[in-house]
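Using my numbering, count along the sequence shown one by one with no gaps and you end on 335. For each residue, glycine too, the CB sits at the ideal point set by N, CA and C.
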Amino acid sequence: MTLVETGERIMDIQAKIYQGDSREWLRKLSENSVDLIVTSPPYADQRKNTYGGIPHDQYVEWFLPISEQLLRVLKPTGTFVLNIKEKVVEGERSTYVMELILEMRKQGWLWTEEFIWHKKNSYPGKWPNRFRDAWERVLQFNKHKKFNMYQDAVMVPMGDWAQARLKNLSEVDKTRDPSKVGSGFGKNISNWVNRDKAYPTNVLHLATECNNKSHSAAFPEELPEWFIKLFTQENDLVLDPFMGSGTTLMVANRMKRNSIGIDVMPEYCDMVKIHLAQAEFNLPNPKTNPPVNVEHPAGIRTGTN
Ligand SMILES: C[S@@+](CC[C@H](N)C(=O)[O-])C[C@H]1O[C@@H](n2cnc3c(N)ncnc32)[C@H](O)[C@@H]1O
């Protein structure tokens, strides 16, 4: 296992890279220390030739010791965002994601929300018994019902519908309209007159990552970026225990959040280290020689400066 520390830059923002198995490294992190976990773990049975795949019927058993550690390291106000999608096995969708949610709830997690990542650049195809898969789950878990959430940071333009819908308000629109299904929720449409921004839905329309040649399963930068905006502030700590090409770390670093990334593949860790150092040089006031150190668990440091 190797620890790579890259860059201490403006406001002392740090990115740390741990090379090795998450199951081991997570145990070494302090409890209640992380503000946000954003990750896309290896999906069952996929990418066997690169970093190994976990059989779908062993997935829950494999993941639970990891989610147990994530629960330990997350702050009580923090959030865990898990991008995952069940595969098709013998013509049926596997149920391991649903089973995982149930088991994580037993572990103590609250399953707060499910976002849908709609892959808007999905190309057409023909399958005998289904249509093209154009979405993935993004599950939100928390330790407590009250957690940090900065909703204003992800507001979106109202859009054209507002012009037409808000022009001629009915009497019902001007008062609180209770839900017709008795949910206790209601809406007052007139609240949105003269506003140019609204809160988004739980569907994220993002293109898949096509330009990242260095990793076969990278998610687009907009995915961690949206959740980092929503759940953290500058100087907070973001963790990706399955870092891959380091998308989460690159975005966190750019957004002035501290970050920790773990990946079992040394080549991914080396690559992220180089990309973070390059990003450092591209800052308006880069350090002339940003530190890129490799620290072994025994405390021996080697590095480029
Ligand atoms: C789906 S990819 C993550 C891609 C990443 N989100 C990105 O944007 O590049 C999953 C990553 O988990 C890593 N991985 C697999 N098993 C692991 C383990 N036990 N501990 C740490 N990393 C692991 C793989 O090497 C792979 O890079």
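Is Val-103 near Val-68, with beta carbons less than 8 Å apart?
no
For Ile-47, is the classification buried or exposed, using 16 other Cβ atoms within 10 angstroms of its Cβ as the cut-off for buried?
buried
CB of Leu-140 within 8 Å of CB of Lys-175, strictly
yes
Quick check for students: name the residue ranges of the alpha helix (DSSP H) that lie wholly in the segment 125 to 189, counting only runs of 4 or more.
126 to 137
Start and end of the beta strand (DSSP E) containing Tyr-48?
43 to 49
Within a Cβ cutoff of 8 Å, which residues of the same chain sit near Lys-227, ignoring the five residues on either side of it in sequence?
Met-185, Val-186, Pro-187, Met-188
Grab me the residues of Gln-137's own chain with a C-beta within less than 8 Å of its C-beta, minus the 5 sequence neighbours each way, in chain order.
Leu-94, Ser-97, Glu-98, Leu-101
Going by alpha carbons, who is nearest to Leu-66 out of Asn-159, Thr-205, Leu-130, Lys-105?
Lys-105
For Val-233 and Phe-291, the rounded distance between their alpha carbons
The sequence as given places Gly at residue 291; Phe does not occur at that position. Straight-line Cα distance between these residues: approximately 26 Å.
Is Cys-299 buried or exposed, if buried means 16 or more other CB atoms sit within 10 Å of its CB?
buried
Is His-245 a contact residue of ligand 1, with contact defined as CB to any heavy atom under 7 Å?
yes
Exposed or buried, what is Tyr-73 when buried is set at 16 or more other beta-carbons lying within 10 Å of its beta-carbon?
buried
Within a Cβ cutoff of 6 Å, which residues of the same chain sit near Glu-264, ignoring the five residues on either side of it in sequence?
Lys-286
Given the structure, does Met-295 come close to ligand 1, in the sense that its CB is under 7 Å from one of the ligand's heavy atoms?
yes
For the beta strand (DSSP E) that contains Asp-293, what are its first and last residues?
288 to 293
Does ligand 1 have even one heavy atom less than 7 Å from the beta-carbon of Leu-95?
First, the amino acid is wrong: residue 95 is Pro here, not Leu. No, ligand 1 has no heavy atom inside 7 Å of this Cβ.
Less than 7 Å between the CB of Pro-85 and some heavy atom of ligand 2, yes or no?
For ligand 2, the structure offers nothing, since it holds only ligand 1.
Shorter than 7 Å, the distance from the beta carbon of Thr-109 to the closest heavy atom of ligand 1, or not?
no
My output table needs one value for Thr-238: the three-state DSSP class, helix, strand or coil.
coil
Just to confirm, are Asp-87 and Lys-117 a CB contact at a threshold of 8 Å?
no
Between Val-127 and Arg-167, is the Cβ-Cβ spacing less than 8 Å?
yes
Between Ile-258 and ligand 1, is the CB less than 7 Å from at least one heavy atom?
no
Would you mind working out which of Met-295, Phe-311, His-305, Gln-308 sits nearest Asp-51, comparing C-alpha positions?
Met-295
Which listed residue (Asn-283, Pro-230, Asn-288, Arg-53) has its alpha carbon closest to that of Gln-308:
Asn-283
Pick from Trp-165, Lys-173, Asp-266, Met-273: whose alpha carbon is nearest that of Gln-44?
Asp-266
At 3 residues or longer, and completely inside the segment 92 to 121: list those beta strand (DSSP E) runs for me, N to C.
104 to 114
Please say whether Leu-169 and Ile-84 have beta carbons closer to each other than 8 Å?
no
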